[in-house]
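Chains as they are written, first to last, in the numbering used here: chain A, 34 to 358; chain B, 44 to 477. Just below is one structure, and these are the notes that go with it.
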């Protein structure tokens, strides 16, 4: 694996499985009374968040602390960034402070790629969500969750599993990262959305596209619902929230059309009553809370593999927990 | 005045001949001319072209002298083989009054490197609300004939109609920046496969084509002259071709970068590739080359758009749009049009000098290379190969997409009415404000 994690497309199948398997081992920790490992002691990880994010930032912070890293939270609000400091100067500042890794969330697509390619920073860059581009650790935690339910076991992939992603694909970094990673792991991805919320050129993506949720449900092993942001309402992407819900939301009767083993996923935050009803959100088939817990394990694995001195491709899997102890 | 004897130069790529430049004009052309001059130049292997004319240059003065000034921009123009440039109106303040266009015109006169023909804004402040004083700008010392809100589209159909009609009184032309504003809100790059993958807001081809279609119909309706700036899509080419077939007075330009680069480059998220209109697809590039070759597109225009380093050394979304282009234009045209066999040097002279001068109604520019004509000339070495080095540029800015790229050809000398502005590839200091 490369030094950075900017795009899920950067991950080979072996890289991805190594992250998932490592995360599986690290997940054992959360059952212990003492949840910390000394792996990243003395290493500095900066959480550089230009965009509000409670869950992703908290998840990374927990992961970093469980690996004993020195954690610095650098949020755009209330810092020099809000006074007009450029991305470059912010990066140079973090570099001068000795950041070993920078976890970056940015409203502009490509900002983490810029940081990774520039000589402004020497540490690893981990993309925690950039604009409408990618959110690779979200895709990893989604794949981790799917594997646990649909094909559990170290070394297993998602070959042949059918994943349906429903909602605002056009503006979704989660959908973009997922289509890369899930395809790499052998899954078949179907996007379901009104045509207005699909990007131009989607016919060339490695996935199926449908405008009709009902017909796809019986052929789905994992149903992932995406949030539709309220600001899309004023831009004529769809007529009303009610119509969107009727055509593209999941409720009890629709959930019952899924195969019995299928799970319902959501990256959060959910808009109950819009894309998902309370009945589905609170049902045992819904993995939203589990995804949050898995997010910590997966992010620990990513930090461990990028910073623990091991590279993902040339490290035997058995090494991972050995050196972590 | 210094006299020059240019030995064995290939006029428009023809057989080697000598040129004698005296008192700002071409005094004689012939083989083994029996003449003497202050400076004799061995031009073996060099092509002679009429001085290039750019219809679309951003000189940034007044207002953004940190990016470019009339002086630095005209020095860059001379190094690129240009003897006349049209200075776009989107300065601060906007060139929407006789005062501003005269200031720019005067700065050009003082520079001595290249004629500067100011373009006047169509509407006050480029805001599209109220016609600027087009007549006053025409009657000023600057003698403006080309009007453009470039950077912004004259999107209001009535405003565009009135502008087209009004400038007929003094043989003016409206140069449209064709960009439907609603279809391009938040646009960051060409809308297509790559924008979808990168999650960058799309700038669809239809936003350009819809405006061009409307404007050629408007121009036909009111019987006016229309020029389309930086045509960038295959669909736009088809519309211009159709309008010309109808016999309507429509002309169009293409930039060097749209002849060479595609939106695949945006995958790097490096803002050096951010430009408006955006880089398009390989199919568009091929259609543009073909249209320039067959004359559907009349001219190559640089859209030279200098920006200070900080406006490009940042994330894509906040970066400024534009590329510098004066000093690489002829090399890019050689690579994309001449070396591909699409255009010979005569064709290059037509698309980069004769036709743009005619569209801008510039007397004394874009003239044939013949005895008695003003000595506005370029000597170009097409055999040269070398990597583009921005540090050698005369422009104040460095935002070139060609850094490190091997491009063919190099300007050896440029003459502005018989005065050398460039010799042996180096600028000749002109005194002036330098």
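Even glycine gets a Cβ: it sits at the ideal position worked out from N, Cα and C.
Relative to the alpha-carbon of residue i, which residue among the options has its alpha-carbon at the smallest distance?
i                     : options                       : result
residue 105 (chain B) : B:356, B:382, B:140 and B:71  : B:140
residue 277 (chain A) : A:103, A:224 and A:199        : A:199
residue 282 (chain B) : B:253, B:299, B:435 and B:310 : B:253
residue 139 (chain A) : A:166, A:269, A:150 and A:153 : A:166
residue 71 (chain A)  : A:58, A:103 and A:119         : A:103
residue 196 (chain A) : A:189, A:187, A:214 and A:188 : A:214
residue 170 (chain B) : B:466, B:143, B:137 and B:432 : B:137
residue 309 (chain A) : A:285, A:146 and A:144        : A:285
residue 401 (chain B) : B:472, B:97, B:381 and B:73   : B:97
residue 468 (chain B) : B:55, B:124, B:375 and B:54   : B:124
residue 116 (chain B) : B:471, B:437, B:143 and B:445 : B:437
residue 485 (chain B) : B:312, B:286 and B:373        : For residue 485 (chain B) there is no data in the structure shown, the boundaries of chain B being 44 and 477.
residue 42 (chain A)  : B:260, B:370, B:246 and B:240 : B:240
residue 68 (chain A)  : A:97, A:161, A:185 and A:89   : A:97
residue 51 (chain B)  : B:64, B:71, B:70 and B:88     : B:88
residue 162 (chain A) : A:119, A:35, A:80 and A:334   : A:80
Measuring only the C-alpha atoms, how far is residue i from residue j?
i                     : j                     : result
residue 148 (chain B) : residue 226 (chain B) : 36 angstroms
residue 255 (chain A) : residue 101 (chain A) : 34 angstroms
residue 62 (chain B)  : residue 161 (chain B) : 31 angstroms
residue 291 (chain A) : residue 311 (chain A) : 17 angstroms
residue 75 (chain A)  : residue 148 (chain A) : 23 angstroms
residue 340 (chain A) : residue 157 (chain A) : 8 angstroms
residue 390 (chain B) : residue 166 (chain B) : 35 angstroms
residue 350 (chain A) : residue 60 (chain A)  : Interpretation of residue 350 (chain A) is limited by its pLDDT of 38, a score under 50 that renders its predicted location unreliable; the figure taken from the coordinates is listed afterwards. Looking at the two C-alpha atoms, the distance is approximately 15 angstroms.
residue 193 (chain A) : residue 220 (chain A) : 5 angstroms
residue 305 (chain A) : residue 319 (chain A) : 13 angstroms
residue 424 (chain B) : residue 387 (chain B) : 15 angstroms
residue 379 (chain B) : residue 303 (chain B) : 7 angstroms
residue 357 (chain A) : residue 443 (chain B) : Since pLDDT at residue 357 (chain A) reaches only 38, below the 50 mark, its modelled position is unreliable, and the value read off the structure follows with that caveat. So the two alpha carbons sit approximately 48 angstroms from each other.
residue 294 (chain A) : residue 259 (chain A) : 21 angstroms
residue 73 (chain B)  : residue 60 (chain B)  : 5 angstroms
residue 403 (chain B) : residue 212 (chain B) : 15 angstroms
residue 172 (chain A) : residue 238 (chain B) : 20 angstroms
residue 406 (chain B) : residue 292 (chain B) : 20 angstroms
For residue i, name the three-state secondary structure that DSSP assigns.
i                     : result
residue 102 (chain A) : coil
residue 67 (chain A)  : coil
residue 181 (chain B) : helix
residue 435 (chain B) : helix
residue 91 (chain A)  : helix
residue 158 (chain B) : strand
residue 109 (chain B) : coil
residue 366 (chain B) : strand
residue 312 (chain B) : coil
residue 218 (chain B) : strand
residue 211 (chain A) : helix
residue 243 (chain A) : strand
residue 177 (chain A) : helix
residue 264 (chain B) : helix
residue 423 (chain B) : strand
residue 324 (chain A) : helix
residue 277 (chain B) : helix
residue 61 (chain A)  : helix
How would you call residue i, buried or exposed, if buried means at least 16 neighbouring beta carbons within 10 angstroms?
i                     : result
residue 227 (chain A) : buried
residue 75 (chain B)  : exposed
residue 155 (chain A) : exposed
residue 55 (chain A)  : buried
residue 237 (chain A) : exposed
residue 135 (chain B) : exposed
residue 298 (chain A) : buried
residue 224 (chain B) : exposed
residue 82 (chain B)  : exposed
residue 320 (chain B) : buried
residue 329 (chain B) : exposed
residue 432 (chain B) : exposed
residue 152 (chain B) : exposed
Rounded C-beta distance between residue i and residue j? I'm assuming under 8 angstroms.
i                     : j                     : result
residue 280 (chain B) : residue 339 (chain B) : 6 angstroms
residue 198 (chain B) : residue 273 (chain B) : Incorrect: roughly 16 angstroms between the Cβ atoms, too far for contact.
residue 181 (chain B) : residue 131 (chain B) : The Cβ separation is near 17 angstroms, so there is no contact.
residue 225 (chain A) : residue 205 (chain A) : That pair is no contact at about 12 angstroms.
residue 109 (chain A) : residue 83 (chain A)  : 4 angstroms
residue 95 (chain B)  : residue 395 (chain B) : 5 angstroms
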